[in-house]
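Protein chains in written order, with the working numbering: chain A, 6 to 279; chain B, 7 to 119.
Quick reminder that beta carbons are idealized off the backbone N, C-alpha and C, glycines included.
Heads up, the thing below is written out as structure tokens.
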Amino acid sequence: MCQECGCSKPGPYQVGDRRVDSHTHTLADGSVITHAHDHGHDHHHEPGHAHPHRILNLKTGILSANDRAAEQNRGAFRALGLLVLNVLSSPGAGKTSLLTKTLNDLRGRCRAGVIVGDLATDNDATRLRTTGAPVVQIATGTLCHLEAGMVAEALKQLDLRALDLLIIENVGNLVCPAAFDLGEAARVVLHSVTEGEDKPLKYPPMFHSADIVLITKTDLAAAAAFDRELAWKNLRQASPRAKIFELSARTGEGVPAWCDHLLALQGAVAGATK
Amino acid sequence: MHEFSIMQAALETAGQKTRDAGATQIHRLRLRVGALSGVVPEALRFAFEALKDKSLGAQAELEIETVPAVAFCTACAAEFAAADIQYECPRCHRPSGQLRQGREMELAALEIS
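Right, dumping it as structure tokens:
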């Protein structure tokens, strides 16, 4: 009750099926205000104060809905002993070429599936299917990143029990996908030699979140005048946690070491469930 | 452009919390954004202006608190300011993978009635 400011109280009314309360009160400067509020009960007014503002201290993560969905995914992956990678890079760094090569090399040693995200087309899925692996394409429309809920939907189209490894090829973008956990065990960030040496410095959130960095297209390093030493220095700064591989999907150089590492990771994940 | 998704999520959460508290209007919305969160405050403001009319925060003021990046060096057992991408300990010059703050993306507080 507004006893402090002495306002009179008209009865509640309905808008559709919504009950609305309203009342009138006089402010310190003499002006009279009538206002409505949504509840069947009144609210408290400070003396001479029109709207008693309250402060809610929340400190909740803005992406908490995505984080919860990601944790659900992660729990499901762990229970299945499935290694899940989130593969990220700028457009054209060679994600699809590298994954095609990786899937071909792993054939017979590890059962792999792919979820691939792009704004439009299923071109990447078509390329990846040539390896024989099951592939689900997510067309995000205008969205510049994959979200955990989209991955959860895509999982319904895969027989997860028949897989040891699931690779999620994210939308080509070095900014936005960094903020969205998908439930992956490891983040793999590609850095092609044709992009120069300072991408890790220009996009720190992405590179800092990397568990693995792959320097790709090494067969083009000389043509691109790639300064390998500088790139490593920048990567060590921006991705201090990451394990770094150098490889070429075209020549196959460095690919066996990368595949061996994947198999070792997969073995560890599968072993943890047994 | 993921600032739009982020602001959308922030306004949805804020609206829910406001209704849960029995209030109908948001007057002030305070976000905490880490220097390394990958979110650009200016883009958040732009998204807020575009999205607020459809929320309980149509009349609200947006405050964005920027949280500086702080890393921890295990060798020195000390925190240090991680300047932009520089996660190198200023004492021992080792790189640190432990970020203590700077990736926040939080709905910190609401002023409601």
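With 16 other Cβ atoms within 10 Å as the buried cut-off, status of residue i
i: lysine 161 (chain A); result: exposed
i: leucine 105 (chain B); result: buried
i: aspartate 265 (chain A); result: exposed
i: glutamine 242 (chain A); result: buried
i: aspartate 59 (chain B); result: exposed
i: threonine 278 (chain A); result: exposed
i: alanine 151 (chain A); result: A small fix is needed here, since residue 151 (chain A) is leucine in this sequence, not alanine. Under this definition leucine 151 (chain A) is a buried residue.
i: glycine 276 (chain A); result: exposed
i: alanine 33 (chain A); result: Note that alanine 33 (chain A) scores 48 on pLDDT, short of 50, meaning its location in the model is unreliable; the coordinates nonetheless yield the value given after this. Alanine 33 (chain A) should be labelled exposed.
i: aspartate 164 (chain A); result: exposed
i: glutamine 65 (chain B); result: exposed
i: arginine 36 (chain B); result: buried
i: lysine 222 (chain A); result: buried
i: threonine 24 (chain B); result: buried
i: glycine 35 (chain A); result: For glycine 35 (chain A), the predicted model reports a pLDDT of 45, less than 50, meaning its position is unreliable; a value from the coordinates is still stated below. Exposed, since its Cβ has fewer than 16 Cβ neighbours within 10 Å.
i: serine 11 (chain B); result: buried
i: alanine 130 (chain A); result: buried
i: glutamate 55 (chain B); result: exposed
i: isoleucine 60 (chain A); result: exposed
i: alanine 27 (chain B); result: exposed
DSSP beta-bridge partners of residue i
i: lysine 64 (chain A); result: BP columns for lysine 64 (chain A) are empty, so no partner.
i: threonine 72 (chain B); result: B:Val39
i: proline 101 (chain B); result: B:Glu94
i: phenylalanine 250 (chain A); result: A:Leu219
i: leucine 235 (chain A); result: DSSP lists no partner for leucine 235 (chain A).
i: cysteine 79 (chain B); result: B:Ala84
Where the alpha helix (DSSP H) through residue i begins and ends
i: phenylalanine 52 (chain B); result: 47 to 57
i: lysine 60 (chain B); result: Where lysine 60 (chain B) is concerned, there is no enclosing alpha helix (DSSP H), given that its DSSP letter is neither H nor E.
i: leucine 267 (chain A); result: 260 to 278
i: leucine 87 (chain A); result: It is not in any alpha helix (DSSP H) - leucine 87 (chain A) carries neither H nor E in the DSSP assignment.
i: phenylalanine 10 (chain B); result: 8 to 26
i: threonine 126 (chain A); result: That residue, threonine 126 (chain A), is in no alpha helix (DSSP H); it is neither H nor E in DSSP.
i: threonine 101 (chain A); result: 100 to 111
Beta strand (DSSP E) segment containing residue i, residue limits
i: arginine 106 (chain B); result: 104 to 107
i: glycine 44 (chain B); result: Note, glycine 44 (chain B): premise wrong, no beta strand (DSSP E); not H, not E.
i: glycine 122 (chain A); result: 117 to 123
i: glutamine 142 (chain A); result: 140 to 144
i: leucine 113 (chain B); result: 111 to 118
(Q) What ranges does the beta strand (DSSP E) occupy inside the stretch 146 to 223 of chain A, keeping only unbroken runs of at least 3 residues that lie completely in it? (A) Those beta strand (DSSP E) runs which fall completely within the stretch 146 to 223 of chain A and span 3+ residues are 170 to 174, 191 to 197 and 217 to 221.
* Asked: Between the stretch 191 to 205 of chain A and the stretch 220 to 239 of chain A, are three or more C-beta pairs nearer than 8 Å?
  -> Yes, they touch.
*Cβ pair count under 8 Å reaching 3, the stretch 72 to 87 of chain A against the stretch 25 to 40 of chain B*: no
Query raised in the report: Just checking, does the stretch 247 to 258 of chain A make contact with the stretch 18 to 29 of chain B on the three C-beta pairs under 8 Å criterion?
Result: no
If we count Cβ pairs, one from each stretch, closer than 8 Å, do we get three or more for the stretch 58 to 76 of chain A versus the stretch 170 to 178 of chain A? no
Item to complete: Determine contact between the stretch 136 to 145 of chain A and the stretch 57 to 67 of chain A, defined as no fewer than three beta-carbon pairs at a distance below 8 Å.
Response: no
Check: Are the stretch 93 to 102 of chain A and the stretch 237 to 251 of chain A touching, with three or more C-beta to C-beta distances below 8 Å?
Finding: no
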